[in-house]
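Scroll down for the structure; my scribbles are underneath it.
Residue numbers (this note's numbering): 1 to 261.
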């Protein structure tokens, strides 16, 4: 943390050691990479999943292999009663939650004229409600204890217009706005930031053809797609005291595809 006397940013060797982290959608892709990254720094990690218990169990085994404590907790993060239970189970197993990463999400890439209303509602439920509900529920304890760090995983779709991503873009823009607005009211004890990744190589992009993926990589200044571990590195930084003067910000990790003034 910042040492006002010396004017330097000091780092403890294992500053995440013993901290408790809850990662929603933690069994696969970016969420799994974040679980691995936090566990490697000694954090105890709760892996939230909705349906894929095998993937969640595998992530928990990875956490334990890294020498940390891990648990799995099933919940649909778009449903208030399940989120409340998820938080209770996590804190019963690991202790009060210090870090929250809201990563669970769904993506349906269709023009709004072709998307039925139920699909639209489900995307909002998972992406928006699924960020809001854990943030508010976990935030109660963080605020009462006077400490908390939250990272919300959004997308560059929330920052740049694409006709085929209208509904998805709206949901991710809401995540960015939610993090910014809540951060202002909860500072200084609780810091909240969001990350807007570009296209990341996870199983979510397998619906795209190789030609489509290559075209996006070529259109990216870095000339490649991102890796989950790169987003995990940024998330770990934002949760740490290296980012002690940062809250309410959206960090773009898109290989240069999105630049804002």
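In this text, a Cβ means the ideal position worked out from N, Cα and C, and glycines have one as well.
| query | Is residue 165 buried or exposed, if buried means 16 or more other CB atoms sit within 10 Å of its CB? | reply | Looking at its Cβ environment, which holds 16 or more other Cβ atoms inside 10 Å, residue 165 is buried.
Exercise. Would a C-beta distance cut-off of 9 angstroms place residue 174 and residue 110 closer than the cut-off?
Worked result: Not closer than 9 angstroms, so no.
Query - Continuous alpha helix (DSSP H) stretch holding residue 228: start and end - result: Element bounds for residue 228: 228-239.
Taking the C-alpha atoms as reference points, what is the distance between residue 258 and residue 178?
-> About 20 angstroms.
What are the complete beta strand (DSSP E) segments, minimum 3 residues, inside the segment 46-86?
If we require 3 residues or more, the beta strand (DSSP E) runs fully inside the segment 46-86 come out as 70-74.
| said: In the DSSP assignment, the alpha helix (DSSP H) including residue 38 goes from what residue to what residue? | reply: Taken as a continuous stretch (DSSP letters only), the alpha helix (DSSP H) holding residue 38 covers 29-40.
Query raised in the report: Looking only at C-alpha atoms, which of 43, 54, 195, 124 sits nearest to residue 95?
Result: For residue 95, the nearest C-alpha among the options comes from 43.
Mind checking residue 117: buried by the 16 CB within 10 Å criterion, or exposed?
-> With fewer than 16 other Cβ atoms within 10 Å, it is exposed.
Review point. Between residue 19 and residue 237, what straight-line distance do the alpha-carbon atoms span, to the nearest angstrom?
Key: Rounded to whole angstroms, residue 19 to residue 237 spans 14 angstroms at the Cα level.
Check for me: the alpha helix (DSSP H) holding residue 139 runs from which residue to which?
Residue range 130-145 is occupied by the alpha helix (DSSP H) that includes residue 139.
Inset, instruction - Confirm, please, whether the CB-CB distance from residue 195 to residue 235 is below 9 angstroms. - result: Yes, the Cβ-Cβ distance between residue 235 and residue 195 is below 9 angstroms.
- For residue 171, three-class secondary structure by DSSP: The answer is helix: DSSP assigns residue 171 an H, G or I state.
Review point. With 16 as the cutoff for other CB atoms within 10 Å, does residue 32 come out buried or exposed?
Key: It is buried - the Cβ of residue 32 has at least 16 other Cβ atoms within 10 Å.
At least three beta-carbon pairs within less than 8 angstroms, the segment 132-143 to the segment 54-64: The segment 132-143 makes no contact with the segment 54-64: fewer than 3 CB pairs, one atom from each, lie closer than 8 angstroms.
- Could you pull out every residue in the same chain whose Cβ sits closer than 8 angstroms to the Cβ of residue 176, ignoring the five residues on either side in sequence? These residues qualify, in order along the chain: 152, 154, 158, 159, 194, 196, 250.
ask   = What is the DSSP secondary structure of residue 158, counted as helix, strand or coil?
value = Look at residue 158 here: in three-state DSSP terms it is helix.
Item checked: residue 88, buried or exposed, once every other Cβ within 10 Å from all chains shown has been counted against 16 -> Classification for residue 88: exposed.
* To do: Quick one: residues in its chain with C-beta nearer than 7 angstroms to the C-beta of residue 112, no 5 flanking neighbours on either side, listed in chain order?
  => For residue 112, same chain residues with a beta-carbon under 7 angstroms away, outside a window of 5 residues either side, are 166, 167 in chain order.
_Taking a contact to mean a Cβ-Cβ separation below 9 angstroms, would you say residue 107 touches residue 24 in this structure?_
No, the Cβ-Cβ distance between residue 107 and residue 24 is not below 9 angstroms.
Review point. Could you check where the alpha helix (DSSP H) with residue 262 kicks off and where it finishes?
Key: What is shown of the chain runs 1 to 261, which leaves residue 262 out entirely.
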